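72 is the number of the first residue of the sequence shown in this note's numbering; add one for each residue after it. Quick reminder that beta carbons are idealized off the backbone N, C-alpha and C, glycines included. Since the model is a prediction, treat every value here as computed from it, not as a measurement. Here the structure comes first, spelled out in structure tokens, and everything after it is commentary.
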Amino acid sequence: MKSILIGLPGNEKLTKELAQVINAELGQAEFRQFPDGENYIQIISDVVNKRVVIVCTLHRPDDKLLPLYFVSKTAKDLGAVCTCLVVPYLAYMRQDKRFQAGEGITSQYFAALVSQFADSMITVDPHLHRRSKLSEIYTTPSQVVHAADHISQWIKENLEKPVLIGPDSESEQWVSKVAQNAQAPFTVLEKIRRGDRDVEISVPKLETYKDHTPVLVDDIISTARTMIETVAHLRKAGMNPPVCIGVHAVFAGDAYKELKDSGVEQVVTCDTIPHPSNKINLCELYKDFLLEKVL
Ligand code: R5P
Numbered sequence: 072m073k074s075i076l077i078g079l080p081g082n083e084k085l086t087k088e089l090a091q092v093i094n095a096e097l098g099q100a101e102f103r104q105f106p107d108g109e110n111y112i113q114i115i116s117d118v119v120n121k122r123v124v125i126v127c128t129l130h131r132p133d134d135k136l137l138p139l140y141f142v143s144k145t146a147k148d149l150g151a152v153c154t155c156l157v158v159p160y161l162a163y164m165r166q167d168k169r170f171q172a173g174e175g176i177t178s179q180y181f182a183a184l185v186s187q188f189a190d191s192m193i194t195v196d197p198h199l200h201r202r203s204k205l206s207e208i209y210t211t212p213s214q215v216v217h218a219a220d221h222i223s224q225w226i227k228e229n230l231e232k233p234v235l236i237g238p239d240s241e242s243e244q245w246v247s248k249v250a251q252n253a254q255a256p257f258t259v260l261e262k263i264r265r266g267d268r269d270v271e272i273s274v275p276k277l278e279t280y281k282d283h284t285p286v287l288v289d290d291i292i293s294t295a296r297t298m299i300e301t302v303a304h305l306r307k308a309g310m311n312p313p314v315c316i317g318v319h320a321v322f323a324g325d326a327y328k329e330l331k332d333s334g335v336e337q338v339v340t341c342d343t344i345p346h347p348s349n350k351i352n353l354c355e356l357y358k359d360f361l362l363e364k365v366l
């Protein structure tokens, strides 16, 4: 079966790269808004009897979900066999429990919505914390791929004497793997989140690593409070300026500027969300899934 790739606005670079990597057709579609703000979707390419791979990273997801749904429905309506989503950053994974009475468990509701219209999905390091697998909430078949090896490679090629630091217990899963592959020591801190922009991080004990390059690794950088708070501890302890590495460059508001101004050596992210800090290309991670499932 032939495949055709359609990228939502903002995903053009990855869509083009993937089409080249799997040697598939790059589809054409128009996405725009009517003057009243409603979405207009038109698939210009022929999708009859094809698998349609829709590429759409989902930071700031509320504006993207409806176009994603519409393009998936349109493709099926026009005769596509199925739709497969490439979602480098999967949103709504962090509200995975009712922390306060009356709150919605939105990760579950979002998963139910996406599962209604997508036939398969691939994503990079979704925030699996209290859930161990995506299939606990997504009924659509999904594959998770990990950025750890690519991050290790970047560290090996670019940094001298790294010591890796995970800001909280959740980060241990990726920090330990990145450290192992980069042949570097690592430590994991403890975090208490008191509010959206209010986090407390335990003080790292890194006296023996004073001549190392501290490398903070986290999955998501959103308000950057987690990183900024950790950077402050490291600077106070007389460590070298750290390198901050995030998989997903969410960067809410002025977070990127604030992090850069906090005394870091550099801020580096993977390209799951297009951003000036992207230095680690993950295109290769989607290849096997697309070749197996799509072509
Ligand atoms: C949280 O559990 C995640 O792993 C990240 O540490 C968190 O999302 C970072 O958020 P922020 O940048 O807003 O501190």
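Where residue i falls, given that 16 or more other Cβ within 10 Å makes a residue buried
i, result
"S240", "exposed"
"N120", "exposed"
"D290", "buried"
"N229", "exposed"
"S143", "buried"
"D367", "Nothing can be reported for residue 367: it is not among the residues displayed for the chain, which extend from 72 to 366."
"L366", "Low confidence applies to L366: its pLDDT is 42, below 50, so where it sits in the model is not reliable enough to give any reading."
"V274", "exposed"
"A44", "For the chain, the structure presents residues 72 to 366; residue 44 sits outside this window and is missing."
"N82", "buried"
"L76", "buried"
"K227", "exposed"
"Y180", "exposed"
"D134", "exposed"
"I114", "buried"
"I263", "exposed"
"G175", "exposed"
Integer-rounded CB distance, given that residue j should sit under 8 Å from residue i
i, j, result
"L79", "F105", "Not quite, the Cβ-Cβ distance comes to about 17 Å (not below 8 Å), so this is no contact."
"A326", "T294", "5 Å"
"P238", "V195", "That pair is no contact at about 19 Å."
"L235", "V288", "6 Å"
"I222", "I316", "6 Å"
"P138", "N110", "5 Å"
"I292", "A320", "6 Å"
"A162", "L129", "4 Å"
"D190", "K232", "Rounded, the Cβ-Cβ distance is 47 Å, inconsistent with contact."
"S206", "M192", "Going by Cβ atoms, the distance from S206 to M192 rounds to 11 Å, so no, they are not a contact pair."
Check: residue i C-beta below 7 Å from any heavy atom of the ligand R5P
i, result
"R201", "no"
"I291", "yes"
"A295", "yes"
"S178", "no"
"P80", "no"
"H283", "no"
"R131", "no"
"H198", "yes"
"P238", "yes"
"S186", "no"
"R169", "no"
"R165", "yes"
"V288", "no"
"H242", "In the sequence on display, residue 242 carries Ser and not His. For the ligand R5P, at least one heavy atom lies less than 7 Å from the Cβ of S242."
"V142", "no"
"V318", "no"
"V259", "no"
Bridge partners - residue i, DSSP secondary structure assignment
i, result
"Q104", "N110"
"D269", "G266"
"H319", "I291"
"P285", "V234"
"E241", "Paired residues: none, contrary to the question."
"E74", "A small correction: the amino acid at residue 74 is Ser; Glu does not occupy that position in the sequence shown. Paired residues: R122."
"V314", "V286, Q337"
"Q427", "What the structure shows of the chain is the stretch from 72 to 366, and residue 427 is not part of that stretch, so it cannot be assessed."
"L156", "I125, M192"
"V259", "G237"
- prompt: Is it a yes or a no for the stretch 262 to 280 touching the stretch 342 to 354, going by three-plus beta-carbon pairs under 8 Å?
  reply: no
- request: May I ask you to verify whether the stretch 329 to 343 touches the stretch 308 to 316, counting CB pairs closer than 8 Å and requiring at least 3?
  value: yes
- prompt: Is the number of C-beta pairs between the stretch 153 to 168 and the stretch 182 to 195 that are closer than 8 Å three or more?
  reply: Contact holds: three or more Cβ-Cβ distances are below 8 Å.
query: Do three or more CB pairs link the stretch 245 to 261 to the stretch 275 to 287 at distances below 8 Å?
result: yes
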